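FYI, in the numbering used here the residues of the sequence shown are 1338 to 1674. What follows is a single structure, written as structure tokens, with notes after it.
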Amino acid sequence: DHDVRDDWNTSHTWRQQMQSTGWWQERIEAGLMTYWLYQHLGNLSPDELADDHLLAALQAGGGEDTLRAFARRADAQVDGVQSEHRIRWSFRRDLGTARLLVLDSRCGRVLVPDRRDMLDEPEWEWFAEQLDGDYDHLLLATSLPFLLPPGIHHLEAFDEAVSEGVWGARAARWGEKLRQGADLEHWAAFGKAFARMTGHLAEVGARADAPATVTFLSGDVHFAYLAEAHFPDRPEVTSRIYQAVCSPLRNPLPRPVSWGQRFASSRVARRIGRGMSRAARVAEPELSWSLTGGPAFGNEVATLTLDGRSATLSVEAARPGPRLVRSFDAVLASEPA
């Protein structure tokens, strides 16, 4: 995310502001071209590489102009523009009895007013198809956390509603300034996407062959934590659901900000935030969650260990020496294979 800009594709208004500058278009095209060359090709399977139209065009003699046109089309998708060959950055890996889905939560967005979504419709369809199958653990990697500390989640949901006009145009301008100034653009700020993902979690977790765990893997927020979620009104969901966040190479947060993040994880912050989002007529999430590990504000390294249907998470902080000091451990599942 931050290799381009930390609030990349926050909103339609943000897009318009960036596109009016003299430098943004060159930056986004260069960023996407570089990512395709140095990372994305390595994410694709041999069959996917064989079917890749851009790779074929470059191998046939296409040069920078070919790659730049591709980057321009990829960037335009967030405005609802679809090219003949749709561009997908997300990918899947089956690792033993675990399935890893790496989701594009930046270029996959839809920012068109009244259609805000973290993923566009073809991306959602692809995601739903990948959920079919038999696996013990489902890992959903999204750079932006799906489950934030509850106080922050409700603040972002509140701000989205205000920014999109629930309290009128004047309040919407204020909400947009807050959204951009505080980087309120995680899944919580895309309410439609949050609800749709929640529905998929319920379906997967209620299957007869439900995985032991469904774990979101994320970074972005400059600290580490573990959240556990459940469906209060759906006892048929048997999978354990988690959000694991680790930002190992971080910009140190100012002490008042880290204090604020700790407060945002408290019950008081949850109540305050829920009151704000309720005032903006935001629906109550079907999913309930709380932090069970952290928050930890060191230079953290997280290790997820899967063994059959068992899973554990260990988060350690780098200290001078050098040495690793345990921040917290968690048993995510302890089921027999």
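Virtual Cβ for every residue (Gly too), placed ideally from N, Cα, C. A quick note: this is a predicted structure, and the numbers were derived from the prediction, not measured.
Check your understanding: Do the region 1479 to 1499 and the region 1607 to 1617 touch if we need at least three Cβ pairs shorter than 8 Å?
Key -> yes
Practice item. Check whether the Cβ atoms of A1478 and L1437 lie closer than 8 Å to each other. Key: For the purposes of this step, residue 1478 is identified with residue 141 of the sequence shown, where counting begins at 1. For the purposes of this step, residue 1437 is identified with residue 100 of the sequence shown, where counting begins at 1. Yes.
Practice item. Report yes or no: do the region 1620 to 1635 and the region 1556 to 1568 share at least 3 C-beta pairs separated by less than 8 Å? Key: yes
Check your understanding: What residues in its chain sit with their C-beta under 8 Å from that of T1629, if we drop five residues either side in the sequence?
Key -> Taking the first residue of the sequence shown as position 1, residue 1629 is located at position 292. The residues are L1563, A1564, E1565, A1667.
**Study point:** Neighbour-count burial assignment, V1605, 16 or more Cβ in a 10 Å radius
**Key:** Sequence index remark: in the sequence shown, residue 1605 carries index 268 (1-based). Counting the other CB atoms within 10 Å of its CB gives V1605 a total below 16, which places it among the exposed residues.
Check your understanding: Anyone know if the C-beta pair for R1516 and A1509 falls short of 8 Å?
Key -> Start at 1 with the first residue of the sequence shown, and residue 1516 comes out as number 179. Start at 1 with the first residue of the sequence shown, and residue 1509 comes out as number 172. The Cβ-Cβ distance between R1516 and A1509 does not fall below 8 Å.
Practice item. Quick one: residues in its chain with C-beta nearer than 6 Å to the C-beta of P1459, no 5 flanking neighbours on either side, listed in chain order? Key: Looking up residue 1459 in the sequence shown gives position 122. Correct list, in chain order: R1423.
Review point. Which word fits E1637, buried or exposed, when buried means at least 16 other C-beta atoms lie within 10 angstroms of its C-beta?
Key: The sequence position of residue 1637 within the sequence shown is 300, counting from 1. By the neighbour-count rule (16 or more Cβ atoms within 10 Å), E1637 is buried.
Practice item. Output the residue ranges of the alpha helix (DSSP H) runs that lie fully inside the region 1587 to 1659 and measure 4 residues or longer, sorted by chain position. Key: Segments of the alpha helix (DSSP H) lying fully in the region 1587 to 1659: 1592 to 1601, 1604 to 1616.
**Study point:** Three or more C-beta pairs below 8 Å linking the region 1528 to 1543 and the region 1347 to 1366
**Key:** no
Practice item. Could you check the C-alpha separation between R1592 and S1664 for me, to the nearest Å? Key: The sequence position of residue 1592 within the sequence shown is 255, counting from 1. The sequence position of residue 1664 within the sequence shown is 327, counting from 1. Their Cα atoms are separated by approximately 18 Å.
Check your understanding: Could you give the residue range of the beta strand (DSSP E) that holds S1555?
Key -> The residue labelled residue 1555 in the question sits at position 218 within the sequence shown. Here the beta strand (DSSP E) through S1555 covers 1550 to 1555.
Check your understanding: Expressed to the nearest angstrom, what Euclidean distance is found between the alpha-carbon atoms of A1375 and I1609?
Key -> Within the sequence shown, numbered from 1, the residue matching residue 1375 stands at position 38. Within the sequence shown, numbered from 1, the residue matching residue 1609 stands at position 272. Sequence inspection shows Tyr at residue 1375; the Ala mentioned does not correspond to that position. Computed Cα separation, rounded: 44 Å.
Exercise for review: Please state whether DSSP places A1435 in a helix, a strand or coil.
Suggested key: On the sequence shown, residue 1435 is found 98 positions in, with the first residue counted as 1. Of the three classes helix, strand and coil, the one that applies to A1435 here is strand, per DSSP.
Exercise for review: From the DSSP output, read off the bridge partner residues of D1402.
Suggested key: Counted from its first residue, the sequence shown places residue 1402 at position 65. In the DSSP output, where bridge partners are listed per residue, D1402 has none listed.
Check your understanding: Is it the case that the Cβ atoms of H1537 and A1465 are separated by a distance below 8 Å?
Key -> Within the sequence shown, numbered from 1, the residue matching residue 1537 stands at position 200. Within the sequence shown, numbered from 1, the residue matching residue 1465 stands at position 128. It is a contact, given that the beta carbons lie within the stated cut-off.
Review point. In whole angstroms, what is the alpha-carbon distance linking L1448 and D1457?
Key: Position 111 of the sequence shown, counting from 1, holds the residue named residue 1448. Position 120 of the sequence shown, counting from 1, holds the residue named residue 1457. Cα to Cα, L1448 sits roughly 10 Å from D1457.
Check your understanding: Are D1441 and R1352 touching if we call contact CB-CB under 8 Å?
Key -> Taking the sequence shown and counting its residues from 1, one reaches residue 1441 at position 104. Taking the sequence shown and counting its residues from 1, one reaches residue 1352 at position 15. No, they are not a contact pair.
Review point. With distances taken between CB atoms, is the gap from G1368 to D1402 smaller than 8 Å?
Key: Indexing the sequence shown from 1 puts residue 1368 at position 31. Indexing the sequence shown from 1 puts residue 1402 at position 65. For G1368 and D1402, no; Cβs fall outside 8 Å.
**Study point:** Inter-stretch contact at 8 Å, needing at least 3 Cβ pairs: the region 1343 to 1350 / the region 1377 to 1392
**Key:** For the pair of segments examined, the region 1343 to 1350 was found not to touch the region 1377 to 1392: the number of CB pairs separated by less than 8 Å stays below three.
Exercise for review: Starting from the Cα of T1552, find the closest Cα among F1560, D1546, G1542 and give me that residue.
Suggested key: Your numbering for residue 1552 matches position 215 in the sequence shown. Comparing Cα-Cα distances from T1552 to each of F1560, D1546, G1542, the minimum goes to G1542.
Review point. Ordered along the chain, which non-local residues of its own chain (more than five positions away) have a Cβ less than 6 Å from that of S1651?
Key: Looking up residue 1651 in the sequence shown gives position 314. Within the same chain, Cβ atoms closer than 6 Å to the Cβ of S1651 are found at T1640, D1666, the five residues on either side in sequence being excluded.
Check your understanding: Can you tell me the Cα-Cα spacing of R1599 and E1540, whole angstroms?
Key -> By 1-based counting over the sequence shown, the position of residue 1599 is 262. By 1-based counting over the sequence shown, the position of residue 1540 is 203. So the alpha carbons of these two residues sit roughly 32 Å apart.
Exercise for review: Report yes if the C-beta of S1382 is less than 7 Å from at least one heavy atom of the ligand SAH; otherwise report no.
Suggested key: What this structure holds is no ligand at all, so the ligand SAH is not there to describe.
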